[in-house]
Amino acid sequence: MCLRKSCLPLCKVTHLALDRADYSSTYDLQRRLHHRRVAGEIGDLVITVEHDPVFTIGRSGSRDSILATDEELVRAGISVHQIERGGDVTYHGPGQLVVYPLFDLRHYGRDIKEYIRNLEETMVRYLAKIGIDANRRDGLPGIWVGKRKIGSIGVSIRNWVTMHGLALNVSVDREHWRMIHPCGMDIEVISIADLISPLPALADVEQGILNELAVIFSLELISEEEEVRSLF
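For the sequence shown, this note's numbering begins at 107 and goes up steadily by one.
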């Protein structure tokens, strides 16, 4: 496992694919791995996951950005979590790829703005390769197709080690999005499924995003069974 001290220009970084998982257990795993990364016990890694329906509220958000009542959330099977990432409220759920890099930014230039920009660029480049023209919008977080949001960014950084990351809408349930003001704003969201046909499988989107992430951050992503087991 690479601790990124002498392995430039490419560093071997563990990829942990969780497939479908609830938010609570994934968040707990992130926190435990973050602690171990800060302590230098493990190297950088990337988690990919498709979550069960959940609204997460960031540091600048509040319950007010969730339009649904508690009873409506229960009926829809949507949980709510207040977390330490930046931003307001967002939705994760089936049909969305979520990527959580746990990187020590001391080995990536100690530039938080550049790190966030590189996460955005990962989505922009992948979407361009499948024929979707996506861009940033001045003063607004995330990635957009015109005025509709297709990708979200929300990060937390402690001791220079990152948590949380990016989320890309592949084929999400719009009814769930209508229960919130995404990022505290009255905006429209969109998915890859709304823009191209045939729709790529989520696994193909995952691989495409990982490929772009590896190029942008100069990584060699690996999945080693023994190494992954040792992280738990």
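Even glycine gets a Cβ: it sits at the ideal position worked out from N, Cα and C. This one's a predicted model, so the numbers in the text were calculated from it and none came from an experiment.
When the five nearest sequence neighbours on each side are left out, the beta carbons in the same chain lying within less than 7 Å of the beta carbon of V278 are those of G199, G201, Q202 and S297, in order along the chain. The C-alpha of I302 lies about 21 Å from the C-alpha of L272. Scanning P304, D210, D176 and L325 for the CA closest to the CA of M285 turns up D176. For G252, the closest alpha carbon among the candidates L179, Q313, E318 and E294 is that of E294.
Between A307 and H287, the alpha-carbon positions lie close to 28 Å from each other. Pairing R231 with E318 gives a Cβ-Cβ distance under 7 Å. In chain order, T154 place their CB closer than 6 Å to the CB of A123, counting only its own chain and leaving out the 5 sequence neighbours on each side.
Residue state for E226 is assigned as helix, using DSSP reduced to three classes. Three or more pairs of CB atoms, one per stretch, sit closer than 8 Å, so the stretch 262-271 contacts the stretch 202-211. Taking 7 Å as the cut-off, the Cβ atoms of T196 and S130 do not count as close. Counting along the chain, Y133 sits inside the alpha helix (DSSP H) bounded by residues Y129 to V144.
For secondary structure counted as the beta strand (DSSP E) over 3 or more consecutive residues, the stretch 199-272 holds these complete runs in sequence order: 202-208, 241-243, 246-251 and 254-264. I148 and R142 have their alpha carbons spaced roughly 6 Å apart.
Residue burial is scored here from C-beta neighbours: H187 has fewer than 16 other C-beta atoms within 10 angstroms and is therefore classed as exposed.
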